[in-house]
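FYI, my numbering numbers position 58 of the sequence shown as 63, with every residue one higher than the one before it. Every residue gets a Cβ at the ideal spot worked out from N, C-alpha and C, and that includes glycine.
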Amino acid sequence: MRLRDRRSFAKPEVMIIPMIDIMFFLLVFFMISTLYMVDMKTVAVHLPQAVHGETQTKVNYLVTIKKDGTLWLEDKQIDKDTLLKQAKEEQQRNPNFTVVVRADQELDYGQVIAFLDEMKGQGIVHFGLATESSERQ
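Structure (structure tokens):
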């Protein structure tokens, strides 16, 4: 039986191209998956659609007004007086305090304006109105 010479064995090589491919794949996977991991504590409502809406990540208060007029702070139901009191206290602590209102599209426009007017009466001046994004046609 004939044995091979030690020099005839191929030296181990590190294949760099497949490793780069895997790294790019993992990068894209984690970038896309983190978009869906954002935990929004909200109540489901039918938001109006807008083409030119912006995504805002820094929100202090996320207030939802359902079709029946009930108010929700994130995922907890709250009465208007308590919400206004808490918002006023938060506004005094943080001058950049922002309220984003998620109002059901079937809710009367006058109720949304009345709520925003009461918030403005408490000294809150930074508002946002939440919408769902829609495709351009």
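Item to check | For T87, the three-state DSSP class (helix, strand or coil) | outcome: The count along the sequence shown starts at 1 and reaches residue 87 at position 82. T87: helix per DSSP, three-state reduction.
Item to check | Backbone secondary structure at K93 - three-state DSSP | outcome: For this step, residue 93 is matched to residue 88 along the sequence shown. In this structure, K93 counts as helix in the three-state DSSP scheme.
Next on the checklist: Assuming T69 is part of the beta strand (DSSP E), what are its boundary residues?
Outcome noted: Taking the sequence shown and counting its residues from 1, the one referred to as residue 69 is at position 64. DSSP places T69 in the uninterrupted beta strand (DSSP E) bounded by Y66 to I70.
Item to check | Assigned secondary structure, E137 (DSSP; H/G/I helix, E/B strand, else coil) | outcome: Position 132 of the sequence shown, counting from 1, holds the residue named residue 137. In this structure, E137 counts as strand in the three-state DSSP scheme.
Item to check | Contact check, E79 vs L67, beta carbons under 8 angstroms | outcome: As a first step, residue 79 must be located in the sequence shown, where it is residue number 74. As a first step, residue 67 must be located in the sequence shown, where it is residue number 62. In contact: E79 and L67 (Cβ atoms closer than 8 angstroms).
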